[in-house]
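Have a look at the structure below before the remarks.
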Amino acid sequence: MAALHEPSSSSEQASLSARIRELPVASEEGKALVDALLASAGEEASALEAALENPATRQMLEGIAEASPFVWSLASEDIARLIGLLRESPELRFSELIEQTADRVRKAADEAEAMRLLRRMKREAALLIALADIGGVWGVDKVTEAMTEVADTAVSSATDFLLACRHAAGQLRDAKKSGFTLLAM
Numbered sequence: 004m005a006a007l008h009e010p011s012s013s014s015e016q017a018s019l020s021a022r023i024r025e026l027p028v029a030s031e032e033g034k035a036l037v038d039a040l041l042a043s044a045g046e047e048a049s050a051l052e053a054a055l056e057n058p059a060t061r062q063m064l065e066g067i068a069e070a071s072p073f074v075w076s077l078a079s080e081d082i083a084r085l086i087g088l089l090r091e092s093p094e095l096r097f098s099e100l101i102e103q104t105a106d107r108v109r110k111a112a113d114e115a116e117a118m119r120l121l122r123r124m125k126r127e128a129a130l131l132i133a134l135a136d137i138g139g140v141w142g143v144d145k146v147t148e149a150m151t152e153v154a155d156t157a158v159s160s161a162t163d164f165l166l167a168c169r170h171a172a173g174q175l176r177d178a179k180k181s182g183f184t185l186l187a188m
């Protein structure tokens, strides 16, 4: 199985919207929710309209709006993020998200910032994975691999951050050689 962060073909470099193959059933309720999102989009309305020009993308969002309250809340809470996810390659966006989060958590000024960064990663990854799954862009293996990578990144980034804090406070001689072991299944 190819790693998520290394697109194996030119088709994997295409946007998520361009690769939608499966569509949920959309109803009038879903259409109304997407229309309401467009009406409330403000400065981002034209970019969102452009992202929804592909009928498959719009139908996918209408189905999500009606049938998946959690995914719809993720899609509608940050329109710029939604537009970016639809316009970019999911593999490349996912890779950037994982790498940037690990780097930023490592450099976080305090625990509150580290927690904020990890929550942001979790929300964006959840939306990206859901869109790729619901749209048939990723199969079950890739979806499972992505969820695992998010969990691994969250746990390892948080652990590294906490060990570095203990080292900086003089409570640990060497954060890299702490002997700390974390097992998860």
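Residue 4 is where the sequence shown starts when you use our numbering, and the numbers rise one by one after that. Backbone N, C-alpha and C define an ideal beta-carbon position, used for all residues, glycine too. Since the structure is predicted, the reported quantities are computational estimates derived from the model, not experimental observations.
Here T184 carries a coil assignment [DSSP, helix/strand/coil]. Shown here, K125 sits in a helix according to DSSP, grouped into three states. Non-local beta-carbon contacts of L121 in its own chain, meaning distances under 6 Å to residues more than five positions away in sequence, involve A157 in chain order. By the Cβ test, the segment 43–55 is not in contact with the segment 166–185, since fewer than three Cβ pairs between them sit closer than 8 Å. Residue environment analysis places E32 among the exposed positions, since fewer than 16 neighbouring C-beta atoms fall within 10 angstroms of its C-beta. DSSP places S159 in the uninterrupted alpha helix (DSSP H) bounded by V143 to A171. One Cα belongs to V108, the other to E99, and the distance between them is close to 14 Å. DSSP places I23 in the coil class of the three-state scheme, outside both helix and strand.
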